[in-house]
């Protein structure tokens, strides 16, 4: 039995058509997507990633992206609470968490989210002053995200983050802000300059006071040392004169009138050997000449002078210790000078300690003022 070629062609066409129709029922869903499966206008189920087969020709499959999506809120002019025109825009990060709601509850969840963000941002900015807007972006971001997340929850969309991208005041407002900033910087500079001058004046006065104190202390110490040296010099000089007189009195006591005459002649001889033309003699010359004539045996007789012993001298003048007083030894003088040096060193250390205490006090005041 022979088959008509037309019949064969129709059979082949029918087979190909059936295979093509069956192939149209195959749906491959990507890993980051889910699909809404609708048959004859009726929701059946949500297709998960991977291989899925649906009824050919009568099924409708719509895929939704589950990744985080970035939406841009267009810049818009907003009037702040203090009547300052400002242009504000933002970036929104959203994610579809329920594909069924995102497909059936809203026509276009992306456009709806952007428009909702625009109106909400306008309301938030309009309730704040410009300075607060510029300094409280984090606060605005959190508030806007909370409002969007609550409103888009019924659409199956979650607002993950909202970021204010730019806050651009009007040109006149910018100019006023720049002038205000410049004035504020000038004010701070004037305050810092005045504070520096005050600190410099304080330090200068403190330094001058310290210098005067040290100078006065040096003068006092030098006067004390000079006075002490003069006192010791006067004491030693007076004691030396007393010793000299004592020795002279003791040495002259055993001499008679003839010995004194010989000494007087020796003194006159020394005067003759001198180059001076004027002499000052501390005794009467006639008495000396009379003594010289008596010594040579040509003068009138005078009673001989009795020799005085040491006991008579002590009875008339006094003991040497009572006349001269206590004479300091070299060891006593060195000990006294050492004591003076120790006293001066102690006073210098006290002065340095006062200086360190003053510097520490000034440094602490500077730290307190800086804080």
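In the working numbering, the protein residues as written are 1 to 371.
Quick reminder that beta carbons are idealized off the backbone N, C-alpha and C, glycines included.
Checklist entry - With burial defined as no fewer than 16 other Cβ atoms inside 10 Å of the residue's Cβ, what is the status of residue 70: buried or exposed? => result Result: exposed.
Next on the checklist: Rounded to the nearest angstrom, what separates residue 31 and residue 47 at their Cα positions?
Outcome noted: Their backbone Cα atoms lie some 11 Å apart in a straight line.
Checklist entry - What is the residue span of the beta strand (DSSP E) that residue 84 lies within? => result That residue, residue 84, is in no beta strand (DSSP E); it is neither H nor E in DSSP.
Checklist entry - Can you tell which of 130, 221, 138 and 162 has its C-alpha closest to the C-alpha of residue 176? => result Of the candidates 130, 221, 138 and 162, 130 places its Cα closest to the Cα of residue 176.
Item to check | Collapsed DSSP secondary structure at residue 30 in the structure displayed | outcome: Coil, per DSSP.
Next on the checklist: Since residue 123 and residue 145 should fall inside the 8 Å C-beta cutoff, what is the C-beta to C-beta distance between them, to a whole number of angstroms?
Outcome noted: About 14 Å separates the two Cβ atoms, so there is no contact after all.
Next on the checklist: For residue 103 and residue 68, which I take to be in contact (beta-carbon distance under 8 Å), what is that distance rounded to the nearest angstrom?
Outcome noted: Not really, about 18 Å apart at Cβ, beyond 8 Å.
Checklist entry - Measuring CB to CB, does residue 86 end up less than 8 Å from residue 140? => result Cβ atoms of residue 86 and residue 140: not closer than 8 Å.
Item to check | Top-ranked residue by Cα proximity to residue 163, from 6, 172 and 143 | outcome: Of the candidates 6, 172 and 143, the residue whose Cα lies closest to the Cα of residue 163 is 143.
Next on the checklist: Am I right that residue 49 and residue 29 are in contact with their C-beta atoms under 8 Å? What's the rounded C-beta distance?
Outcome noted: Between residue 49 and residue 29 a beta carbon distance of about 5 Å is seen, short of the 8 Å cut, so the two are scored as contacting.
Checklist entry - Ordered along the chain, which non-local residues of its own chain (more than five positions away) have a Cβ less than 7 Å from that of residue 339? => result Excluding positions up to five away in sequence, the list is empty.
Item to check | Same chain, Cβ closer than 7 Å to residue 128, neighbours up to 5 away in sequence not counted | outcome: Same-chain partners within the cutoff: 80 and 81.
Item to check | Exposure label - residue 12; buried when at least 16 CB within 10 Å | outcome: Under a 10 Å Cβ-count criterion, residue 12 is classified as exposed, with fewer than 16 other Cβ atoms of the shown protein chains found around its own Cβ.
Item to check | Nearest-angstrom Cβ-Cβ length linking residue 118 and residue 73, presumed shorter than 8 Å | outcome: About 6 Å; that satisfies the 8 Å criterion.
Next on the checklist: On the criterion of 16 or more Cβ atoms from any shown chain inside 10 Å, does residue 183 qualify as buried, or is it exposed?
Outcome noted: A residue is called buried when at least 16 other Cβ atoms come within 10 angstroms of its Cβ; residue 183 does not meet this threshold and is exposed.
Item to check | Coil, strand or helix - residue 103 by DSSP | outcome: Correct three-state label for residue 103: helix.
Checklist entry - When DSSP labels each residue in this structure, what does residue 4 get in the three-state scheme? => result Residue state for residue 4 is assigned as coil, using DSSP reduced to three classes.
Item to check | Between the CA atoms of residue 223 and residue 302 - distance to the nearest angstrom | outcome: For residue 302, the predicted structure reports a pLDDT of 48, less than 50, and the residue's modelled location is therefore unreliable. The matter cannot be settled from this model.
Next on the checklist: Quick check on this structure: which residue in 357, 345, 77 and 192 has the alpha carbon closest to the alpha carbon of residue 90?
Outcome noted: In this structure, 77 is the residue among 357, 345, 77 and 192 with its C-alpha nearest to the C-alpha of residue 90.
Checklist entry - Got a sec, what are the start and stop residues for the beta strand (DSSP E) residue 158 sits in? => result For residue 158, the enclosing beta strand (DSSP E) starts and ends at 157-169.
Next on the checklist: Bridge partners for residue 69 per DSSP, in chain order?
Outcome noted: Residue 69 is bridged by DSSP to 94.
Checklist entry - Looking at the structure shown, is residue 55 part of a helix, part of a strand, or coil, going by DSSP? => result If DSSP states are grouped into helix, strand and coil, residue 55 belongs with coil.
Next on the checklist: Buried or exposed for residue 115, going by 16 or more other Cβ atoms inside 10 Å?
Outcome noted: So residue 115 counts as exposed.
Checklist entry - Roughly how many whole angstroms lie between the Cα atoms of residue 42 and residue 56? => result Roughly 15 Å between the two C-alpha positions.
Checklist entry - If you draw a straight line from the C-alpha of residue 98 to the C-alpha of residue 156, how long is it? => result Those two C-alpha atoms are separated by around 4 Å.
Next on the checklist: Along the chain, where does the beta strand (DSSP E) containing residue 47 start, and where does it finish?
Outcome noted: First-last of the beta strand (DSSP E) with residue 47: 42-47.
Checklist entry - Looking only at DSSP bridge pairs, what is residue 60 linked to? => result Note: residue 60 sits in a beta bridge opposite 38.
Next on the checklist: Short of 6 Å in beta carbon distance, which residues of its chain neighbour residue 170, apart from the five on each side in sequence? Order them along the chain.
Outcome noted: Excluding the 5 residues flanking it on each side, residue 170 has same chain C-beta neighbours closer than 6 Å at 85, in chain order.
Next on the checklist: Buried or exposed for residue 120, going by 16 or more other Cβ atoms inside 10 Å?
Outcome noted: Buried: at least 16 other Cβ atoms inside 10 Å.
Next on the checklist: Tell me which residue opens and which closes the alpha helix (DSSP H) that residue 132 is part of.
Outcome noted: It spans 130-135 - the alpha helix (DSSP H) in which residue 132 sits, taken as one unbroken run.
Checklist entry - With distances taken from CA atoms, which of 230, 64 and 93 is nearest residue 108? => result Of the listed residues, the one whose Cα sits closest to residue 108 is 64.
Next on the checklist: At the level of alpha carbons, what is the spacing between residue 165 and residue 361?
Outcome noted: Taken atom to atom, the span from the alpha-carbon of residue 165 to that of residue 361 is near 50 Å.
Item to check | DSSP bridge partner residues for residue 77 (one or two, in chain order) | outcome: 87.
Checklist entry - Where does residue 25 sit, in a helix, a strand or coil, going by DSSP? => result Residue 25 sits in coil when the DSSP states are folded into three classes, being neither helix nor strand.
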